[in-house]
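All the letters of the sequence shown, read from the start, carry residue numbers -19 to -1, 1 to 226 under mature numbering (1 follows the signal peptide of the UniProt record, and there is no 0). From the three backbone atoms N, C-alpha and C, an ideal C-beta is built for every residue, glycine too. Computed from a prediction, not measured in an experiment: that's the story for all the values here.
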Amino acid sequence: MMKNIFLAFALLVPSLAFAAGSTVPLDKANYDLSDKASLQNGAKLFMNYCFGCHSAQYQRYNRVAEDLGIPIKLMEENLIFTGVKPGELMQNAIQEKDAAKWFGAPAPDLTLVARVRGADWVYTYLRSFYVDETRPFGVNNKVFPSVGMPHVLQELQGVPNAVYETRMIDGEDQQIYVGIQSDGSGEMSDDEYDHAVLDLVNFLVYSAEPIQLERKRLGYWVLGFLFIFFIISYLLKKEYWRDVH
């Protein structure tokens, strides 16, 4: 019993610290859910770089394929790595006990991460890893200090280093963090990497609410109906009360 309480407390403290947020300003993620090419590339990046540890267990492969305009055959050949049928949920093969052993805690499901944390947070987080030899995986993160995961996109970005500038503050020279700079060894340029991360964020935003575009489209029709109904109701009210007054 005491062991369980201690374990819960040990997991809760980092969570509370994380919930307090980061002092690093968040960059705007200008995603576009109507951009099918972006969503498709985001799905490819997610399945190739994130799905090894993180699942999207509230999504189904065939739903994603239909929404993103990906032929089922192509989905089966390139994006389903666990040998399941397209109608199955997007669950990875890693066992929670193994993930907890390797990373300190099971990797969280990412279906709703963009809705919980916000697209700007996810976008900035994926672009804020930097070399830190004191960490188990050799990297840290400015948005999520003491992060417990490796920088899985490093082969695309290259080795990222935190950049600081010396500025005079209150009469003293202080090192101020100004951003992340890659060493250029990645497969992508800085702009290409930012665009790839934005595609990944776009997919995660879609994953968190697949019906978002349809919801907004129906919302305009509902507002239009209510507006017309209001006019008819107002005219009817005037006609009904005309003889009374």
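Tell me whether residue i sits in a helix, a strand or coil according to DSSP, three-state version.
i: Asn59; result: helix
i: Ser163; result: strand
i: Leu49; result: helix
i: Ile12; result: Reading off the sequence, residue 12 comes out as Tyr, not Ile. Reduced to three states, the DSSP call for Tyr12 is coil.
i: Gln72; result: coil
i: Met149; result: strand
i: Val65; result: coil
i: Phe208; result: helix
i: Val128; result: coil
i: Ile192; result: coil
i: Val5; result: coil
From what residue to what residue does the alpha helix (DSSP H) around residue i run?
i: Gln100; result: A small correction: the amino acid at residue 100 is Ala; Gln does not occupy that position in the sequence shown. Counting along the chain, the alpha helix (DSSP H) containing Ala100 begins and ends at Ala100 to Leu107.
i: Glu77; result: Glu77 to Phe84
i: Glu173; result: Asp171 to Ala189
i: Ala88; result: Per DSSP, Ala88 belongs to no alpha helix (DSSP H) and is neither H nor E.
i: Phe26; result: In the sequence under discussion, the amino acid at residue 26 is Leu, which differs from the Phe named in the question. First-last of the alpha helix (DSSP H) with Leu26: Lys17 to Leu26.
i: Leu134; result: No alpha helix (DSSP H) contains Leu134, which DSSP labels as neither H nor E.
Select from the options the residue whose C-alpha is nearest the C-alpha of residue i.
i: Lys9; options: Tyr39, Asp101 and Ala81; result: Asp101
i: Leu70; options: Ile61, Glu77, Lys78 and Asp13; result: Ile61
i: Asp16; options: Leu179, Phe206, Leu204 and Trp222; result: Leu179
i: Leu14; options: Ala189, Phe210, Glu220 and Ile212; result: Ala189
i: Asp48; options: Gln162, Ala18 and Gln72; result: Ala18
i: Leu93; options: Ser36, Asn121 and Trp222; result: Ser36
i: Val5; options: Ile53, Tyr106, Pro89 and Asn59; result: Tyr106
i: residue 227; options: Glu114, Phe32 and Arg108; result: Any property of residue 227 remains undetermined from this structure, which presents the chain solely from -19 to 226.
Which first and last residues belong to the beta strand (DSSP E) in which residue i is found?
i: Ala37; result: Ala37 to Arg41
i: Val120; result: Val120 to Asn122
i: Val112; result: Phe110 to Val112
Is residue j closer than 8 Å to residue i when the C-beta atoms are compared?
i: Ala95; j: Lys123; result: no
i: Pro67; j: Tyr104; result: no
i: Phe27; j: Phe184; result: yes
i: Val140; j: Ser170; result: no
i: Thr63; j: Ala80; result: no
i: Pro87; j: Glu77; result: yes
Does the ligand ADP have a heavy atom nearer than 7 Å to the CB of residue i?
i: Val144; result: The ligand ADP is absent from the structure shown, which contains no ligands of any kind.
| said: Measuring CB atoms only, is the stretch 176 to 193 touching the stretch 148 to 162, in the sense that at least three cross pairs come out at less than 8 Å? | reply: Not touching, per the Cβ criterion.
| said: Three Cβ pairs or more, each shorter than 8 Å: is that satisfied between the stretch 198 to 207 and the stretch 132 to 139? | reply: Taking 8 Å as the limit for Cβ pairs, the verdict is that the stretch 132 to 139 does not touch the stretch 198 to 207.
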